[in-house]
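Engineer: First, the structure itself, so that you have it in front of you.
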Amino acid sequence: MLKIYNTMTRKKEAFKPIHEKLVKLFVCGPTVYDDSHIGHARTYISFDIIARYLKYKGFSVFYLQNITDIDDKIIKRAEELAVQPIDLARKFENRYLEDMSTLGVENVNFYARATEHIPEIISQIKTLLDKGFAYETENGVYFDESQFSDFGKLSRRKIEELNVHRVEKDDNKKNPGDFALWKKKDNKPNWDSPWGIGRPGWHIEDTSITEEYLGVKYDIHGGGLDLIFPHHEAEIAQMESVSGVKPMVRYWMHTGFLNVQGEKMSKSLGNFITIRDLLEDYSPEVFRFFVLSTHYRSPIDFSKSALEQSKNSLQRIYKLTENIEVLIDSEIQEYNDNDRDYTNKLTDFENKFLDALDNDFNTPDALSIFFNFIREMNKGIQSENISKTILMNISCLLKDIEAIFGLKFFKEGIREDKIKELLELLVEVREILRERKDWELTDLIRSKLKEIDINLEDK
Ligand code: AMP
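Residues in the sequence shown are numbered consecutively from 48, following our numbering.
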């Protein structure tokens with residue numbers, strides 16, 4: 048049975064979605080003012096694998112992400128570059144989507160832009176004002192944290208820790224920790240509202256979007272560890288105050304940071320590597336494998352040596368799949384006396400592998416079980432005691448693992464041994480042409496091969 052660590056209870060809990068076979072999943076999307084770095088990628092790859100595994104287990108998954116396309120950081124960057132904020136946001140949203148697609152992150156059903164949900168945002172703010180959870184000042188509309196007795200329940204912070212000035216410093220706020228729902232702003236982009244022209248606060252965009260597409264209560268809310276406070280705490284305060292339904296989410300899931308020398312990779316620290324830069328040197332598969340090698344809640348230290356290790360591990364898997372394909376095409380026995388023994392081994396491996404993933408998506412444990420299995424299967428292949436049927440079963444298992452991890456173990460296109468055979472055939476044909484003294488064609492074959500760096504010497 049699948050167990051998920053719930054940040055709210057700090058415990059692993061049996062996973063029971065609200066609807067038996069449907070999982071509604073929301074993960075905070077990026078603020079699109081620059082290219083995404085590999086820390087972002089760590090979080091989004093982790094949730095992609097979580098969505099894949101839920102699907103493998105037979106759930107339908109509706110996975111929603113928001114795109115923060117209006118924010119002070121976007122406006123500042125657009126000013127620096129002398130472009131329109133919305134144009135800047137669209138450009139980096141496209142680049143983000145391209146990066147995700149390259150990395151095989153392909154399970155998000157819908158990306159919802161903040162700027163396309165202003166009416167929903169205004170409606171939630173109105174409800175909060177009507178119910179006495181919010182108030183208006185000269186500068187904006189704020190959530191009154193003193194009205195929400197559960198404030199701090201996710202981050203387990205005490206009121207003194209919550210009640211500190213954060214982003215908005217407005218002397219008219221009732222409590223220093225109150226956060227903006229609407230900011231009255233004259234500069235564009237801004238929108239009309241019952242409280243004058245302005246822009247929404249950051250937290251309200253998420254709850255307005257989730258209420259619209261997932262309802263007032265849904266199954267999983269995810270994001271990086273840094274979002275627990277204040278962002279997710281604020282989301283709970285808003286949504287549970289708007290609806291009166293508690294809890295707004297059954298399972299809160301948070302990814303650990305991708306660090307560089309012990310420090311979180313971030314734009315502000317300047318210690319970041321963009322996804323695009325990394326992919327100049329390493330394949331998307333290697334980076335995905337690197338992410339999988341650590342549990343999603345643990346910190347992951349970025350280093351070239353760890354990436355090299357991932358590359359080598361992938362090579363071992365590719366070698367196995369290649370050997371399996373060659374053997375399946377060969378003249379080996381369909382069945383043999385070892386089949387029962389191998390079938391037991393396969394079942395045992397499958398059970399252990401899935402148990403590891405059922406244990407809060409423990410990918411490093413699953414990988415170590417996988418590599419023990421690879422070692423054993425390689426031994427079997429070397430001693431030539433595996434039948435074709437067993438090899439086909441191993442192939443099927445490997446294809447399931449490919450789907451769960453979003454990796455490709457079986458090479459697409461023509462295999463190396465087939466390429467060799469093809470070249471030998473070409474050389475043979477050319478020999479016949481030479482005997483027939485068809486110099487035009489023999490030279491053409493040689494020069495075409497040279498174009499693809501294959502030098503043919505007549506001896
Ligand atoms: P942002 O655009 O900064 O809001 O970040 C988008 C998502 O990436 C959030 O869920 C963050 O928690 C996550 N994130 C940002 N930096 C890192 C990092 N170094 N490691 C893991 N996740 C991160």
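All C-beta atoms, glycine included, are put in the ideal place defined by N, C-alpha and C. Since the structure is predicted, the reported quantities are computational estimates derived from the model, not experimental observations.
(1) Roughly how many angstroms lie between the CA atoms of residue 64 and residue 299, to the nearest whole one?
(2) If residue 116 sits next to residue 136, beta carbons under 8 angstroms apart, how far is it from one beta carbon to the other, in whole angstroms?
(3) Can residue 312 and residue 105 be called in contact, C-beta distance under 7 angstroms?
(4) Please go through the same chain and pick out, in chain order, the residues whose beta-carbon is closer than 7 angstroms to the beta-carbon of residue 453, but skip the five residues on each side of it.
(5) Cα-Cα, which of 344, 363, 314, 491 is closest to residue 333?
(6) Run the Cβ filter for me: residues under 6 angstroms from any heavy atom of the ligand AMP, listed in the order they occur in the chain.
(7) Along the chain, where does the beta strand (DSSP E) containing residue 278 start, and where does it finish?
(8) Is DSSP giving residue 243 helix, strand or coil here?
(9) Shortest alpha-carbon distance to residue 344 belongs to which of 91, 467, 383, 84?
(10) Determine the direct distance from the alpha carbon of residue 103 to that of residue 147, and round the result to whole angstroms.
(11) State the start and end residues of the unbroken alpha helix (DSSP H) segment that holds residue 329.
(12) What number of angstroms, rounded off, separates the C-alpha of residue 35 from the C-alpha of residue 372?
(13) Tell me whether the region 122 to 137 and the region 420 to 437 touch, counting them as touching only if at least three CB pairs, one residue from each stretch, are closer than 8 angstroms.
(14) Which term fits residue 414, buried or exposed, when burial requires 16 or more other beta carbons within 10 angstroms of its beta carbon?
(15) According to DSSP, what are the bridge partners of residue 158?
(16) Could you tell me which uninterrupted beta strand (DSSP E) segments, each at least 3 residues in length, are contained entirely in the region 248 to 306, listed from first to last along the chain?
(17) Short of 6 angstroms in beta carbon distance, which residues of its chain neighbour residue 280, apart from the five on each side in sequence? Order them along the chain.
(18) Excluding the 5 residues flanking residue 375 on each side, which residues of the same chain have their C-beta closer than 8 angstroms to its C-beta?
(19) Looking at the structure shown, is residue 219 part of a helix, part of a strand, or coil, going by DSSP?
(20) Taking 8 angstroms as the threshold, find out whether the region 251 to 263 comes into contact with the region 276 to 291 through three or more Cβ pairs.
(21) For residue 398, which three-state DSSP category applies?
(22) Would a C-beta distance cut-off of 7 angstroms place residue 407 and residue 172 closer than the cut-off?
(23) From residue 382 to residue 342, what distance separates their C-alpha atoms?
(24) Reducing DSSP to helix, strand and coil, say where residue 501 ends up.
(25) Please name the residue in 60, 321, 472 whose C-alpha comes closest to that of residue 139.
(26) On the three-state DSSP scale, how would you describe residue 474?
(27) On the three-state DSSP scale, how would you describe residue 379?
(28) To the nearest angstrom, report how far apart residue 449 and residue 456 are at their CA atoms.
(29) Along the chain, where does the beta strand (DSSP E) that runs through residue 231 open and close?
(30) Would you mind working out which of 232, 447, 347, 489 sits nearest residue 101, comparing C-alpha positions?
Structural biologist: Once the coordinates are examined:
(1) Translated into positions along the sequence shown, residue 64 becomes position 17. Translated into positions along the sequence shown, residue 299 becomes position 252. Approximately 13 angstroms, taken between the alpha carbons.
(2) On the sequence shown, position 69 is the one that residue 116 refers to. On the sequence shown, position 89 is the one that residue 136 refers to. Yes, residue 116 and residue 136 are in contact; Cβ-Cβ is about 4 angstroms, under 8 angstroms.
(3) Locating residue 312 in the sequence shown gives position 265, counting from the first residue. Locating residue 105 in the sequence shown gives position 58, counting from the first residue. Cβ distance not < 7 angstroms, so residue 312 and residue 105 don't count as in contact.
(4) In the sequence shown, the residue the question calls residue 453 occupies position 406. Hits under 7 angstroms: 95, 96, 99, 151, 335.
(5) Numbered from 1 along the sequence shown, position 286 holds the residue referred to as residue 333. When only C-alpha atoms are compared, the closest one is 363.
(6) 75, 77, 78, 86, 87, 89, 90, 270, 271, 273, 274, 302, 304, 305, 311, 312, 313
(7) One-based indexing of the sequence shown puts residue 278 at position 231. First-last for residue 278: undefined, no H or E at that position.
(8) For the purposes of this step, residue 243 is identified with residue 196 of the sequence shown, where counting begins at 1. Residue 243: coil per DSSP, three-state reduction.
(9) For the purposes of this step, residue 344 is taken as the residue at position 297 of the sequence shown. Here the closest residue by C-alpha is 91.
(10) On the sequence shown, position 100 is the one that residue 147 refers to. On the sequence shown, position 56 is the one that residue 103 refers to. Rounded to the nearest angstrom, the two C-alpha atoms are 21 angstroms apart.
(11) By one-based count along the sequence shown, residue 329 stands at place 282. First-last for residue 329: undefined, no H or E at that position.
(12) Lying before the first or after the last residue shown, residue 35 is absent from the chain, which here runs from 48 to 506.
(13) no
(14) Taking the sequence shown and counting its residues from 1, one reaches residue 414 at position 367. Looking at its Cβ environment, which holds 16 or more other Cβ atoms inside 10 Å, residue 414 is buried.
(15) Here residue 158 refers to the residue found at position 111 of the sequence shown. Residue 158 pairs with 112.
(16) 265 to 271, 296 to 302
(17) By one-based count along the sequence shown, residue 280 stands at place 233. Closer than 6 angstroms at Cβ, skipping near neighbours: 201, 202.
(18) The residue labelled residue 375 in the question sits at position 328 within the sequence shown. Correct list, in chain order: 435, 438, 439, 442.
(19) Residue 219 sits at position 172 when you count from the first residue of the sequence shown. Residue state, collapsed to three classes: coil.
(20) yes
(21) Stepping through the sequence shown from its first residue, residue 398 is reached at position 351. Three-state result, residue 398: helix.
(22) Mapped onto the sequence shown, residue 407 falls at position 360. Mapped onto the sequence shown, residue 172 falls at position 125. Not in contact: residue 407 and residue 172 (Cβ atoms no closer than 7 angstroms).
(23) As a first step, residue 382 is located in the sequence shown; it is residue number 335 there, counting from the start. As a first step, residue 342 is located in the sequence shown; it is residue number 295 there, counting from the start. Straight-line Cα distance between these residues: approximately 39 angstroms.
(24) Start at 1 with the first residue of the sequence shown, and residue 501 comes out as number 454. Residue 501 falls in the coil class under three-state DSSP.
(25) Counting from one through the sequence shown, the residue named residue 139 turns up at place 92. The residue with the shortest Cα to Cα distance from residue 139 is 321.
(26) As a position in the sequence shown, residue 474 is number 427, starting the count at 1. Note: residue 474 maps to helix in three-state DSSP.
(27) Here residue 379 refers to the residue found at position 332 when the sequence shown is read from its first residue. Looking at residue 379 - three-state DSSP - the assignment turns out to be coil, as it is neither helix nor strand.
(28) Position 402 of the sequence shown, counted from the start, is the residue given in the question as residue 449. Position 409 of the sequence shown, counted from the start, is the residue given in the question as residue 456. Their Cα atoms are separated by approximately 7 angstroms.
(29) Mapped onto the sequence shown, residue 231 falls at position 184. Segment 226 to 231, the beta strand (DSSP E) holding residue 231.
(30) On the sequence shown, position 54 is the one that residue 101 refers to. Ranking the options by Cα distance to residue 101, first place goes to 447.
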